[in-house]
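Count along the sequence shown from 1, add 738, and you get the number used in this note's numbering. Don't be surprised by glycine CBs; every beta carbon is placed ideally from N, CA and C.
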Amino acid sequence: MGFNKLVVVRPSVLPMHPEARRLAVGAENLLKTAKVFETIEEATKGMHFLIGTSRRDGKYRQDFLSLPNLIDHLPLKQKIGILFGPEERGLSNQELAYCHLVTSIPSNPKFPSLNLAQSVMVVAYQLRLPSPTLSQKSSLPSPALGRGTNSEGKTIALATAEQIEGMYQHLEKMLGQIGFFPHRNSFHMMRAIRQVFGRTGLTEREVRIFRGMCRQVLWSIKETDSESSSAVPDQDRRRSSG
739 MGFNKLVVVR PSVLPMHPEA RRLAVGAENL LKTAKVFETI EEATKGMHFL
789 IGTSRRDGKY RQDFLSLPNL IDHLPLKQKI GILFGPEERG LSNQELAYCH
839 LVTSIPSNPK FPSLNLAQSV MVVAYQLRLP SPTLSQKSSL PSPALGRGTN
889 SEGKTIALAT AEQIEGMYQH LEKMLGQIGF FPHRNSFHMM RAIRQVFGRT
939 GLTEREVRIF RGMCRQVLWS IKETDSESSS AVPDQDRRRS SG
């Protein structure tokens, strides 16, 4: 299908396992060059856009984007990853939280699940198809998802997955410090925030701006706490001096 980079996270067997080689007829070179990581964060380092795959929906899952429409929502000239979950359970909510978009394969509602190999093949095939929208350059839509180019067609430096994850951690720390999560589930609230930012296609500069805002708020909180702790009421001062 033309995809030549395979990354696996905590695999049950290594890519060059005899059984894997037996099943990957004609694709042994892909197994040889496959990279193995312990976490999704490590595996997606350097990527600008991550697509999650899932058939399940739920209250706290992102809005699904139909697979045939996916190509028109991807940033141009950027490093893009497609995340598949283990065959027995798929991707968890926490794992999907790393993704900018979630897509699903249209299938029979009575038998909605495909095995992992089938899912990879279908998604890869769909992404290889030409996009009717992109072929009509004169009517190219506005980059609602940050397509990776500006109005002049020049490439924009989108933030990488680890840069955006750092921003989310910084933002969560700041929101926690100002008491935004006292009666809310921080995971679900941060998940909603991730969905909002995930639709924008943040640039490196925008991530730096948001992190600068977080640093300033945290610094201000620290300064306020420091002033409060150092201020001694007049009555307490008289008692201590007496």
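- [ ] Assign Y836 to buried or exposed, taking buried as 16 or more other Cβ atoms, counted over all protein chains shown, within 10 Å of its Cβ.
- [x] buried
Task: Closest Cα partner of T782 within the set Q901, N846, P749 and L803 - done: Nearest C-alpha to T782: Q901.
Task: Short Cβ contact (7 Å threshold) for P813 with G939 - done: yes
Open item on the list: Using a Cβ distance threshold of 8 Å, determine whether the region 775-793 contacts the region 749-766, with at least three qualifying pairs required.
Closed with: no
Open item on the list: Could you check whether the region 821-831 touches the region 851-858, counting it as contact only if at least three pairs of C-beta atoms, one from each stretch, sit closer than 8 Å?
Closed with: The region 821-831 vs the region 851-858: in contact.
- [ ] With a 10 Å radius around its C-beta and 16 neighbouring C-beta atoms as the bar for buried, classify M859 as buried or exposed.
- [x] With a 10 Å radius around the Cβ and a threshold of 16 neighbouring Cβ atoms, M859 comes out exposed.
Open item on the list: Between which residues of its own chain and V745 is the CB-CB distance below 6 Å, once the five residues before and five after are set aside?
Closed with: K773 and A781
TODO: Give the DSSP bridge partners of K770, in chain order.
DONE: Its beta-bridge partners do not exist; DSSP assigns none.
Open item on the list: Less than 6 Å between C-beta atoms, sequence neighbours within five positions excluded: which residues of the same chain meet that for E942?
Closed with: So the qualifying residues of the chain are A895 and A897.
- [ ] With F802 as the anchor, note down where its beta strand (DSSP E) starts and where it stops.
- [x] F802 to S804
Task: DSSP state of I916 mapped onto helix, strand, coil - done: coil
Task: Reduced DSSP secondary structure (H/G/I, E/B, other) of I902 - done: helix
Open item on the list: What I want to know is whether the C-beta of A930 ends up closer than 6 Å to one or more non-hydrogen atoms of the ligand HEM.
Closed with: What this structure holds is no ligand at all, so the ligand HEM is not there to describe.
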